[in-house]
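> Numbering (our numbering), first residue to last: 4 to 233.
This is the structure, below, for whatever I ask next.
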């Protein structure tokens with residue numbers, strides 16, 4: 004499909020009530036058709052991978068076109084410049100997380116970008132750094148523990164950011180790292196406990212949010228099963 008065909012499809016399938024419902028999830032976008040992610044995933048299966056199309060869709064600025072761009076983009080064709088440009092254009096947590104979770108984390112530059120963006124002053128670029136950490140923890144099964152341990156000081160520093168979408172991204176990264184195995188769980192729990200004891204509200208929230216998950220019986224049982232199968 005060409006970009007104009009995709010936009011025509013999005014226009015036909017968009018619904019005003021879907022656009023209005025985005026606000027309930029904290030999603031603000033300048034241009035939106037009102038197409039659901041389920042619909043976009045169905046369209047992605049029809050299109051397959053098409054990096055040229057992904058670039059055109061992202062550049063259009065439309066919310067759903069950008070989500071679809073992340074779904075059909077080809078990670079091996081990403082450049083550092085393109086990743087930086089897309090990150091600078093993030094409008095909300097949804098386009099940020101979709102790009103990181105479905106495309107950027109498969110790039111050979113993902114680890115570097117996670118570290119770089121975690122220090123950004125811009126809200127959604129910074130969230131992108133931690134969303135990338137979480138996505139790598141979830142998807143890169145072969146990565147060594149040391150690579151994730153190196154993220155933990157960045158997580159601890161990022162937890163001081165009081166912006167809601169940043170601190171939620173920090174918590175996601177900490178929880179995803181701590182769910183990989185017992186060793187990383189112990190390291191992530193140590194960070195979470197320090198944060199939970201903080202006098203400042205933002206790190207205390209991150210620490211408590213992560214502790215509820217990482218110290219739960221459900222996660223302990225899951226990690227025990229993984230160790231038994233290893």
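Cβ atoms here follow ideal geometry from the backbone N, Cα and C, with glycine treated the same way.
On the criterion of 16 or more Cβ atoms from any shown chain inside 10 Å, does residue 64 qualify as buried, or is it exposed?
Numbered from 1 along the chain shown, position 61 holds the residue referred to as residue 64. That one is exposed.
> Following the continuous alpha helix (DSSP H) through residue 43, name the residue where it begins and the one where it ends.
Translated into positions along the chain shown, residue 43 becomes position 40. Run containing residue 43: 40–50, per the alpha helix (DSSP H) assignment.
> Quick check on residue 171: does DSSP put it in helix, strand or coil?
In the chain shown, counting from the first residue as 1, residue 171 sits at position 168. If DSSP states are grouped into helix, strand and coil, residue 171 belongs with the helices.
> For residue 27 and residue 66, what's the separation of their Cα atoms in angstroms?
Numbered from its first residue, the chain shown carries residue 27 at position 24. Numbered from its first residue, the chain shown carries residue 66 at position 63. Each residue's Cα considered, the two are about 16 Å apart.
> Counting beta carbon pairs with one atom in the stretch 174–181 and one in the stretch 29–37, are three or more of them shorter than 8 Å?
No: fewer than three Cβ pairs fall under 8 Å.
> Taking the CB atoms as reference points, tell me whether residue 216 and residue 166 lie closer together than 7 Å.
For this step, residue 216 is matched to residue 213 along the chain shown. For this step, residue 166 is matched to residue 163 along the chain shown. No, the Cβ-Cβ distance between residue 216 and residue 166 is not below 7 Å.
> Which value, in whole angstroms, describes the spacing of the CA atoms of residue 213 and residue 224?
As a position in the chain shown, residue 213 is number 210, starting the count at 1. As a position in the chain shown, residue 224 is number 221, starting the count at 1. In a straight line, the C-alpha of residue 213 is about 17 Å away from that of residue 224.
> So is residue 227 buried or exposed if we call it buried at 16+ other beta carbons inside 10 Å?
Taking the chain shown and counting its residues from 1, one reaches residue 227 at position 224. Label assigned to residue 227: exposed.
> Residue 61 lies in the alpha helix (DSSP H); which residues open and close that run?
In the chain shown, the residue the question calls residue 61 occupies position 58. Taken as a continuous stretch (DSSP letters only), the alpha helix (DSSP H) holding residue 61 covers 54–63.
> Where does residue 81 sit, in a helix, a strand or coil, going by DSSP?
For the purposes of this step, residue 81 is identified with residue 78 of the chain shown, where counting begins at 1. Coil.
> Does DSSP put residue 235 in a helix, a strand or coil?
The requested residue 235 does not occur in the structure, where the chain is confined to residues 4 to 233.
> For the alpha helix (DSSP H) containing residue 14, name the first residue and the last one.
As a first step, residue 14 must be located in the chain shown, where it is residue number 11. Note, residue 14: alpha helix (DSSP H), 6–16.
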